[in-house]
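Residues in the sequence shown are numbered consecutively from 186, following the numbering used here. We put the CB at the ideal spot given by N, CA and C, even for glycine. For clarity, every value in this text was computed on a predicted model and none was experimentally measured. Taking it in order: structure first as structure tokens, then the write-up.
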Amino acid sequence: MENSLKMSHNVIEECVNSGSVVIDATCGAGNDTLFLAKLAKRVYAFDIQVDAINKTKEKCANFNNITYINDSHENVLMYVNDMVDAAIFNLGYLPKSNHAIFTKSAATIKAIEDILSILNKGGRISIVAYPGFKEGKEEKEALEEYLKTLDQKTYNASKYEFLNQINDPPILYVIERISL
Ligand SMILES: C[S@@+](CC[C@H](N)C(=O)[O-])C[C@H]1O[C@@H](n2cnc3c(N)ncnc32)[C@H](O)[C@@H]1O
186 MENSLKMSHN VIEECVNSGS VVIDATCGAG NDTLFLAKLA KRVYAFDIQV
236 DAINKTKEKC ANFNNITYIN DSHENVLMYV NDMVDAAIFN LGYLPKSNHA
286 IFTKSAATIK AIEDILSILN KGGRISIVAY PGFKEGKEEK EALEEYLKTL
336 DQKTYNASKY EFLNQINDPP ILYVIERISL
């Protein structure tokens, strides 16, 4: 439980098995894709930056169960036709890269909505948001408003935040499908 990224992996690990199809919606430097590739049958890894796709390919060179997609996650249904057990969103910008390229709430929410349409019962979406910069805070607020609208008979939508850390630490949101 030391940080939101670790908590995100813990939450996802519980709903993924060797037969699962899963999505990394923002593959960045490839840490989440690598984590998923060790657990699942097939990982769809999205990023709008070709640099991020290349970094992820390098990090995951030993795995042949990853489909790399250099496109926005808002187009997820153009590429993923299977039902999925999990998706990871790690929002914001890629550290040590161009900080002007970051996730935006409209695309993030569209992608979440589309993934919910192919999420198996018991499946989960984890979203780590970064309110520590202006646009990240706006995205987090829009995301939270959207998550509050999800039907509670179909989904559990929850929020995990550290209360005693300074400088607006990352926040983990989790959506779990509890019925079809
Ligand atoms: C915090 S980084 C992701 C870190 C990554 N998950 C890892 O494990 O290293 C956020 C990434 O989101 C990507 N991104 C921004 N908007 C996107 C979009 N609409 N679709 C897909 N990726 C996007 C950025 O290019 C950036 O690489």
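- [ ] Classify D336 as buried or exposed, calling it buried when 16 or more other Cβ atoms lie within 10 Å of its own Cβ.
- [x] Residue numbering aside, residue 336 sits at position 151 when the sequence shown is read from its first letter. Its Cβ having fewer than 16 others within 10 Å, D336 is exposed.
TODO: Could you tell me whether the Cβ atoms of N250 and K226 are closer together than 8 Å?
DONE: Numbered from 1 along the sequence shown, position 65 holds the residue referred to as residue 250. Numbered from 1 along the sequence shown, position 41 holds the residue referred to as residue 226. Closer than 8 Å, so yes.
Open item on the list: Give me, in chain order, the residues of the same chain whose beta-carbon lies closer than 7 Å to that of Y315; leave out the 5 immediate sequence neighbours on both sides.
Closed with: As a working note, residue 315 is residue 130 in the sequence shown. The residues L276, G277, G321, P355, in chain order, have a CB closer than 7 Å to that of Y315 in the same chain once the five nearest residues on each side in sequence are set aside.
- [ ] Please go through the same chain and pick out, in chain order, the residues whose beta-carbon is closer than 7 Å to the beta-carbon of I197, but skip the five residues on each side of it.
- [x] Your numbering for residue 197 matches position 12 in the sequence shown. Contacts found: A271, I273, R309, S311.
- [ ] Measure the Cβ-Cβ separation of L221 and D232 and say whether it is below 8 Å.
- [x] If you number the sequence shown from 1, residue 221 lands on position 36. If you number the sequence shown from 1, residue 232 lands on position 47. No, they are not a contact pair.
TODO: Reducing DSSP to helix, strand and coil, say where Y315 ends up.
DONE: Numbered from 1 along the sequence shown, position 130 holds the residue referred to as residue 315. Coil at Y315, not helix or strand.
Task: Enclosing beta strand (DSSP E) for G270 [first to last residue] - done: Start at 1 with the first residue of the sequence shown, and residue 270 comes out as number 85. The amino acid occupying residue 270 in the given sequence is Asp; Gly does not appear at that position. Residues 269-275.
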